[in-house]
Every structure is written in C-alpha cells, then in structure tokens.
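Let me begin by presenting the structure, written as structure tokens, before commenting on it.
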Amino acid sequence: MNSFQQVFDRWQTNKETFSSKNAWLAAEIVLATCMVLWLYRYVQLFQQVRGLYTIHSLIEVLEAPHRTKIPHIPVLIPTRKYTLQDPWKKYKTAKSDLIAYTQATTPGYAVYSISNPQVVQKVLADVLSFGKPVESMGYKQLNVFGKQLVSTQSGPEHRRHRSVVKGCFSEEVMRTVWDRSIESLDTMLSTEKVEDGGVLEHVREAMYKLTLLVIGAAGFGLKFPWSIPTTEGGSPYDVVTFHEALHLVEYHLVAELLVPVWILENFPLPSVRRLGNAQRSLRHHFKTMIATRRDALQAEQAGLGPQEKIKPPSDLLGAIVASQMDIEAEEKARGGKGTSKAGLTSEEQMGNVWIFIFAGHETSGQTLTFTLGHLAMYPEWQEKIFQEIEEVCQGSHPTYRDMNNLPSVLACVYETLRLRDLISLNQKLALKDTVLPYTTWDDLGQITNHTHTIKKGSHVLVDFAASGQNPFFYRDPHRWDPSRWYGEEGNKNRSHLFNFSAGPRACIGRRFAEVEMTAILSTLIKKVKFEPVRQKGETDEQMYDRMTQGHEVFLLTPNSFPLKFTKRQGA
C-alpha cells in the first residue's frame, strides 16, 4: 500500500511539473508567434514606404488629438520631427511634399501626410478612394448627441443626411444671420462699454460670446444674455437652462467629448457632475425644441390649402425641422409611409443641430479672433476695408445685399485661415489601392515628379496647415498678405482654399460662416479702429506672436489678448 502511495505521489508531482512546463511553453509559443507576426507586418510596412522620406516612432503621434502635449523622446517618440509649430518645416527637410510615417504599435497600416494643394484637391474629391475613418475615436466623439453629417461615410448615409441639411441654408436664413450678427455685435460693444472707444480686455472670450449670441439668435430664434447666469445649489440632476447647458458643454468641450456622460454624472466632484448634468440637460432641450417646432410647423401647415406651403423658417432649427417634414411628405407622395423613418431619426436631427452649433460658433469665434489680431498688426488693411465700405455703402452701414461688394473682408479672413488653419490635419482612409502623385526638389528648387501607391487601409493625413504655406504655390508664404486673394492670383488661390474642405464633403455651412464674419468685421471696422495693447518691455516680434499665434487643443485656439478701440469720426 505504501509503495502504491509513493508511486501515486511521484506521478502527481511529475504531473504538476509537466503541466507547469507546458503552460510556460504554450505562453512562449504564443509570444514568439506574435513577435514573428509583428515583425512580418512591420517589414511589409517598411516595404510599402520604401523610397519615401519616412519618420519612424514607437506610438501613433501625428494623428493623436493631444499630439502637442506628447514629449519628445529621441528615436521612440520624435515629436520635434513633426514640426507642429512650423507645419511646412518637415517637408522642407524632406525635400518632398509627401511624407510617410511608421509606428511600431500599428504595423498594420502606413500613415502618409500630403502638402501639395493639387494632390490635396484630388484626395478630397475622390471619395470612392479616400473615405472618412468614421470608426476612429475622433469622429465617434462628435456623435455625442447623435450621428450627424460630418461623421457619416460618403455614400447613401451621407446623402440621406445631406438631403435634409441642405435645406437649412437658404437666403432667408443668410439674411437672418447677417441681421443677428449686427445685433449681437452691438450688444458686445455696449455691454463691454467700448462703443465709444476703450480697451476690450479679452478678445478671444468676447468673440466666443459674440458668436454664441449669433448662433442662439440665427440658430434657434433665442436671445442669449451676454453673460450666462449659472445655477447655484439644487440637485446635480436638475435640468439647467438651455443657455447654461450649451455654455457649459462648449466651454468644457474636451471633457464632454472624451468622457462618457455616465462617468461625468457619477463623479465624486460636484463640479464634474455638473458637466454631465449639462450634457443631459442639453439633450433634453434639443429634443423638446425640435418637437415643439415640429408641432408649430404642422399646425401652420394644417391651416393652409392643399397646394400651399408654409413660409421657409429663417432660423436653422426651424429650417432643419421643415426640411425633415418636406422629406417625409415627398416619401408619402411616392407611396411610402411618410413617417420619421424617411430622412433623419430624432437622434440624428439632434446630432446635426449640435454640429451646426459647434461648427458655427466655436470655429467662427476663433477665426474672428485670429483675424482681428492680424488686422490690428496691419492697420492699413483696416483702412482698406473702411474705404471699401464707404465707397459701396455711401456712408451707410453695410447690409447683407452689400456683402459681395466687400471682397477685402473675406480676403483678410481667407489669408488668416491660410496661415492659421483651425483644423491642421484632416484624416482620410484609403478604401482601395490608389496611386498618388508627389514632388521632390533639390537644393536649387528643381522639381521632380513621382508617384507612389497608397495601399488600402493606409491613413492619409491632408495637411491643410502645410498646404497653405507651400512655397511652390504661394509667394512669400509666411507673410500675412490678403492681396493674394485678388484678381487672377486670387482665383488660383481660391481653388486651393481648403479651410472649409472641398469636393463632395465640403463644409455645408461655409456660407453661414462667411456671412457672419463679414457682417461682424465690416460693421466693427465701420464703427471703430483698433490696435494692439503693448505689454511692458515687449518687442515688436513678441507682440506680433502674441497677437497672431495660438495653441492646439481640439482646434487651433488663438491666444487671449486685448485690443484698444478708437471710435471713428461720425460713426
């Protein structure tokens, strides 16, 4: 019996040792297999980018939204090679307008960036070859209130969204945008007490508030207060006002987009729970406003004859609801059910209302700030715009019908965007193998044309910032010079203006932004002159950088600076 027990104990010990060895052996085989597969894919990746100037790194950097915060670690994370503060510099170093990037952590695809405006135009126009990476975190974050036009892939889904949204930018809406922009500017000047001159201390914050007033009035028919009152006390789950909810969501945009709402709402700190409550409240307000507006439009339609149609709404919210109703009526006329299954869902309507606010407020405010900073440094362009207004308007204030006769205003805006593109990189996904042209040059500037095959699945970064500073397309590219947008040169440059994107996916709200900014800038310059406020001991170069530079957060964000206003004689 003892002998049998000894044999059994020895077998049990050997079994445990054998099992342990097998487990380690299996783990080693799996690890070795993964390493071999990684190495194989990485070698293939190197073959894809062979012949191109290539920047290698351990992790994905250039596509990361927080790229400016990533430290430089030689070889592993060579952040300085991306020259984020000087977009054209890396192409100048490469002597090529096409650069490849490899990352050890993503051996499955290559990344490319392009800075030739003609190639950029080709990529933006070819939606069958280059789509949007709609599954990426960046696009998914924009769907915080529902899927919307910007985050749809080209094809049936995009056409479905566009069929509804395109009805939101009628001439009636544009006239409303102009009028509400003027009213909002007057509110800013009077509230900040600078209508008769003085110092506007925080221009960036003022432009943020100003464009919020415009989107409130032109977007929803609501009059926003200049200073948003905050709710004190009460339950963290109480629904806050639309004004406050919208202000909180936009002011804390990065947190609202990156952190799930259920985490915000259940966070230990009351200030963070307030952000979650703001997002939930804003969703409630969007849903209520859409439903209320729909009921009102349906009641108005019910009071008309069979062949009569309601007057097109003059605000964006009314326009998108009316457009949705038209789509449903057309579907019903074709024999469909005519329900909300046609056009956009309720969530998608909310998503598109949100993207109108984000794109029409945040970007306009920042562009206006950058433009004012440059105009303050180039007062001769203020005078040029003023003289143009005087000639066109005969001493009166500009109106919407004068807009096309005031080209100097948009010339200044376009030139500012060329140098300070708010979205420096636009991600594209290669949907199939595609051949792209590119150029290289020698030290004498002699150009050689090439082609390179972009494999399916590769990421292509359209480098708007570098494209706008490409010296082969723009004379003296680092100088702010709005005259480049006039005449034959201007026609050529406008074909390479990508700040509102281009092709089938061009920004549908471009006209809204151009009307808003033209109204504000032309009216402001008609009323006042403005100049920088020099800081103690500041050089001209330091002041120029402070007035015209910015830093990247979610978008390129201008510095905060003051402006001194002087009322014009007779204004």
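In terms of the working numbering, the sequence shown has 242 at position 165, counting the first letter as 1, and numbering is strictly consecutive.
Cβ atoms here follow ideal geometry from the backbone N, Cα and C, with glycine treated the same way.
Please read all numbers here as calculations on a predicted model, not as lab measurements.
Query: Beta-ladder partner(s) of Asp479, from DSSP; Result: Answer by DSSP bridge pairing: none, since Asp479 is not bridged.
Query: Member of Trp458, Leu175, Thr625 and Gly428 whose CA lies at the smallest distance from the CA of Arg127; Result: Leu175
Query: 6 angstroms CB neighbourhood of Ser247 in its chain, flanking five on each side removed; Result: Pro389
Query: When Arg411, Glu618 and Thr530 are compared against Gln124, the one with the closest alpha-carbon; Result: Thr530
Query: Val188 - containing beta strand (DSSP E), residue span; Result: Val188 to Ile191
Query: CB of Leu597 within 8 angstroms of CB of Ser304, strictly; Result: In the sequence on display, residue 597 carries Ile and not Leu. In this structure, Ser304 does not lie closer than 8 angstroms to Ile597 by Cβ.
Query: Inter-stretch contact (C-beta, 8 angstroms, three-pair minimum) for the segment 542-562 and the segment 497-509; Result: yes
Query: Simplified DSSP state of Gly415, which is helix, strand or coil; Result: Unreliable placement is indicated for Gly415, whose pLDDT of 49 sits below 50; the coordinate value is still reported in the next sentence. Of the three classes helix, strand and coil, the one that applies to Gly415 here is coil, per DSSP.
Query: Start-to-end residues for the alpha helix (DSSP H) that takes in Leu632; Result: Unbroken run through Leu632: none, as it is neither H nor E.
Query: Continuous alpha helix (DSSP H) stretch holding Trp431: start and end; Result: Ser423 to Ile434
Query: Distance between beta carbons of Leu287 and Leu45, contact taken as under 8 angstroms; Result: Here the chain comprises residues numbered 78 to 648, so residue 45 is not present and cannot be evaluated.
Query: Those residues which DSSP pairs with Trp518 across a bridge; Result: Ile524
Query: Sequence ranges, beta strand (DSSP E) only - wholly within the segment 250-306, length at least 3; Result: 275-277
Query: Val331, buried or exposed, once every other Cβ within 10 Å from all chains shown has been counted against 16; Result: exposed
Query: Euclidean distance between Cα positions of Ser637 and Ser213; Result: 32 angstroms
Query: Cα-Cα separation, Ala651 to Val107; Result: The shown model of the chain, from 78 to 648, leaves out residue 651, and the question about it has no answer.
Query: First and last residue of the uninterrupted beta strand (DSSP E) at His133; Result: Thr131 to Ser134
Query: Where Ile340 falls: helix, strand or coil (DSSP); Result: helix
Query: Cβ distance (whole Å) where Ser599 is taken to contact Leu483 below 8 angstroms; Result: 6 angstroms
Query: Buried or exposed by the 16-neighbour rule on C-beta atoms within 10 Å, applied to Arg556; Result: exposed
Query: Closest Cα partner of Thr602 within the set Ser473, Glu234 and Lys166; Result: It should be noted that the sequence gives Ile, not Thr, for residue 602. Looking at the Cα atoms, Ser473 is the closest of the given residues.
Query: CA-to-CA distance, His238 to Glu408, given in whole angstroms; Result: 15 angstroms
Query: Test: Val107 CB closer than 8 angstroms to a CB of chain D; Result: In summary, chain D is missing from the structure at hand, where a single protein chain is found.
Query: Sequence-distant residues of the same chain with beta carbon closer than 6 angstroms to His320, five excluded per side; Result: Phe301 and Ile305
Query: Neighbour-count burial assignment, His362, 16 or more Cβ in a 10 Å radius; Result: buried
Query: Extent of the continuous beta strand (DSSP E) to which Phe607 belongs; Result: Val605 to Pro609
Query: C-alpha gap between Phe550 and Thr160, whole angstroms; Result: 20 angstroms
Query: Beta carbon of Val241 nearer than 8 angstroms to that of Gly428; Result: no
Query: Buried versus exposed call for Asn193 [16 or more other C-beta atoms within 10 Å across all chains shown]; Result: buried
Query: Supposed contact pair Gly208 and Gln230 - C-beta distance, whole angstroms, cut 8 angstroms; Result: 6 angstroms
Query: CB of Ile434 within 8 angstroms of CB of Gly534, strictly; Result: no
Query: For Lys505, the first and last residue of its enclosing alpha helix (DSSP H); Result: Careful: Lys505 lies outside any alpha helix (DSSP H), inside the beta strand (DSSP E) at Leu502 to Ala507.
Query: Close beta carbons around Met594, own chain, < 7 angstroms, minus the five adjacent residues each side; Result: Ser441, Thr444, Leu445 and Val490
Query: Pairwise C-alpha distance: Gln401 and Ile150; Result: 52 angstroms
Query: Separation of Thr179 from His133, as counted between CA atoms; Result: 5 angstroms
Query: Beta-carbon proximity check, Glu249 vs Ser391, cutoff 8 angstroms; Result: yes
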